[in-house]
Amino acid sequence: MKTNLKALSAKEISEFVTELGQSPYKARQIISWIYKKRAISFEEMTDLSKSFREQLKKTAFISNLKLLKKQISKDGTQKFLFELEDKETIESVLIPDNNRLTLCISSQIGCAMGCKFCMTGKLGLRRHLKSYEIIDQIIAVQKLIGDSGLKITNIVLMGMGEPLHNFDEVIEAIRRITNLTGFPKRKITISTVGIIPKIFELAEKGPQINLAISLNATTDKIRNKIMPVNKKNSLEKLMKACRNFPLAPGRRITFEYVLLAEINDSKEDGLRLVKLLKGIKSKVNLIPYNPIGKTIRVFRKPSDKKILVFQKILQNAGLTVTLRKSKGKDISAACGQLGTSHDS
Ligand code: SF4
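Residue numbers (our numbering): 221 to 564.
Now the structure itself:
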C-alpha cells in the first residue's frame, strides 16, 4: 500500500525518505514542495532527480481535498465545500475584512457539542478530522486564491466541530501550519465552547496561539439550556481556567457572545458579563444571531436597539467590544450555519 506523505509528520517524512536510501535533505525538499509550494504531485518536484521521483510515485502519494463547490457571497465571503477520501464533506469559509483575509476551518465532520443555536450541532459527530485534513483546508484554499494574488492572513478554528474535542489532531495540525508553512502563531485562533481540562492541556502543551471562548450566556441555567457542554464545565470553572490561561504579551482572550432575543440579551446579562470577565484580559465579540434554515426557529435576533444597549453596557465598563457584522449569510457561511450543505 502506498504511503500518504501528508499523513506523516516532518520527522516521519524524514524516516520514510531515509528508508528509501535518500538523505534527510531530500525530505526537507519534499516538505517544502508540499507545504510551501503546495505541490499535489511528485512531477512538480523538479529539483528531485527523475529516478527519485519515480521511486516516490511507486511508494507514496500526496492526498488532496477535492473541491465540490465554491460559493461567493455578495459581501465577498467565499465558502468552499470539500470532499475527503472517504467521501465525507467539510466546509471552510474565507472572510475578507479590510486588510485581513481570515480562513475559518473545520476540525470535525459534524459536532458532538449540540449547541442549540448551531446547524453543525444538529448533525451530531460523524468523525474527527485528521491533522492533514485540517491543514489541507489552508493549503487548498490558498492554492485556489493564489492566482488572484490573495493571501490568507489569519486562521480561525471556528468552522464545523469543537477543536478541543479533537485535541491531538488539532495541535498536530497547528504545529505543521506554523513549522512547515511558516504561518505565524499569533495569527491563529482556536475557538472553543469551553472543555475545561482541554483548556488546561492547551495551556500546558499547546503552541502559543490565540484563544476564543464561545460564551453566549451569563448564568449556568441559561448556558446549560443552550450549550449542553456547560453541565460539566460550569461558568465559574470556565472563567477560572481563562484567568489562568497563559497569554503571550499583548494578547487577550476573545469571548464570543451570540445575542439571542429574550434569552441572553437583557441589561442584567450585560452587567453579569462584565462581572464574569473581571480580571481577564479580554475582548468581546458580539454576534447577533443568524436565523438558520427552517430548523432552528426558536431563536431570534434581538432588535438593533437592544443590541446597542447591550454593547454600551460592556463599553461603559471599559471592555473592548466588537459587534460582528454577519458575513456570508446569503450562502449559509455565517456563524452557526456550516453544515447546511451536508447531504443528510
Ligand atoms: S457552536 Fe461549535 S461547538 Fe457548538 S455545536 Fe456548533 S460547531 Fe459544535
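A virtual CB, placed ideally from N, CA and C, is assigned to each residue, including glycine.
Classification of Leu534 by the beta-carbon crowding that lies within 10 angstroms, buried from 16 upward: With 16 or more other Cβ atoms within 10 Å, it is buried.
Chain-order list of residues whose beta-carbon lies under 8 Å from that of Thr238 (same chain, five-residue window excluded): Its chain contains Pro244, Ala247 as the residues whose beta carbon lies nearer than 8 Å to that of Thr238, once the 5 sequence neighbours on both sides are disregarded; these appear in chain order.
Where Lys289 sits in the DSSP three-state scheme: Strand at Lys289.
Proximity to Val313 [Cα-Cα], best of Asn399, Lys526, Ile365: Of Asn399, Lys526, Ile365, the residue nearest in Cα terms is Ile365.
Helix, strand or coil at Lys503 according to DSSP, with G and I counted as helix: Correct three-state label for Lys503: strand.
Simplified DSSP assignment, three categories, for Leu228: If DSSP states are grouped into helix, strand and coil, Leu228 belongs with coil.
Residues that DSSP places opposite Gln298 in a beta bridge: Residue pairing of Gln298 in beta bridges, as defined by DSSP: Ile292, Leu314.
Cβ pair Leu497, Phe475 closer than 8 Å: Judged by beta-carbon spacing, Phe475 lies within the 8 Å limit of Leu497, meaning their Cβ atoms are closer than that value.
Span separating the alpha-carbon of Ala227 from that of Leu506: Cα to Cα, the separation comes out at about 37 Å.
N-terminal and C-terminal residue of the alpha helix (DSSP H) that Ala360 is part of: The continuous alpha helix (DSSP H) containing Ala360 extends over residues 351-366.
Cys462 versus Lys350: straight-line alpha-carbon distance, rounded: Answer to the nearest angstrom: the Cα atoms are 27 Å apart.
Segment contact flag, the segment 270-283 with the segment 316-323, C-beta cutoff 8 Å, min 3 pairs: The segment 270-283, when compared against the segment 316-323, does not touch it at the 8 Å Cβ threshold.
Rounded straight-line distance, which links the Cα of Val518 to that of Phe236: Going by the C-alpha atoms only, they are around 54 Å apart.
Segment contact flag, the segment 350-364 with the segment 375-394, C-beta cutoff 8 Å, min 3 pairs: Look at the beta carbons and you see the segment 350-364 touching the segment 375-394: at least three pairs across the two are nearer than 8 Å.
Span of the beta strand (DSSP E), counted from its first residue to its last, around Gln328: From DSSP, the beta strand (DSSP E) with Gln328 extends over 328-330.
Local conformation of Phe475 per DSSP, three classes: If DSSP states are grouped into helix, strand and coil, Phe475 belongs with the strands.
Test item: CB-CB of Ile410 and Pro383 under 8 Å: It is a contact, given that the beta carbons lie within the stated cut-off.
6 Å CB neighbourhood of Leu493 in its chain, flanking five on each side removed: Taken in chain order, the residues that qualify are Thr438.
Met221: CB within 7 Å of a non-hydrogen atom of the ligand SF4: Incorrect: Met221 has no Cβ contact closer than 7 Å to the ligand SF4.
Val504 Cβ short of 7 Å to the ligand SF4 heavy atom set: No - the ligand SF4 has no heavy atom lying nearer than 7 Å to the Cβ of Val504.
Run of the alpha helix (DSSP H) containing Ser271, from where it starts to where it stops: According to the DSSP assignment, Ser271 belongs to the alpha helix (DSSP H) that extends over 270-279.
Coil, strand or helix - Ser234 by DSSP: Helix.
C-beta atoms of Tyr255 and Leu377 nearer than 8 Å: Leu377 sits away from Tyr255, with the two beta carbons spaced by 8 Å or more.
The segment 280-288 touching the segment 252-266, judged by at least three CB pairs closer than 8 Å: The segment 280-288, when compared against the segment 252-266, does touch it at the 8 Å Cβ threshold.
Host alpha helix (DSSP H) of Cys462 (start-end): Start and end: 455-463.
Which residues DSSP lists as bridging Thr309, in chain order: According to DSSP, residue pairing for Thr309 in a beta bridge involves Glu303.
Beta-bridge pairing of Val376 - partner residues as DSSP gives them: Under DSSP, Val376 shares a beta bridge with Cys324, Thr409.
Shell residues, 7 Å Cβ cut-off relative to heavy atoms of the ligand SF4: My final list is Cys331, Met333, Gly334, Cys335, Cys338, Thr340, Gly341, Met380, Gly381, Glu382, Val413, Ser434, Met447, Gly556.
Distance CB(Gly379)-CB(Glu311) smaller than 8 Å: Closer than 8 Å, so yes.
Inter-stretch contact at 8 Å, needing at least 3 Cβ pairs: the segment 468-488 / the segment 368-376: No: the two stretches stay apart, fewer than three of their Cβ pairs being nearer than 8 Å.
Anticipated Cβ contact below 8 Å, Lys286 with Phe302, distance rounded: Contact holds; Cβ gap of about 6 Å.
Reduced DSSP category for Leu435 - H, G, I as helix; E, B as strand; rest coil: Coil at Leu435, not helix or strand.
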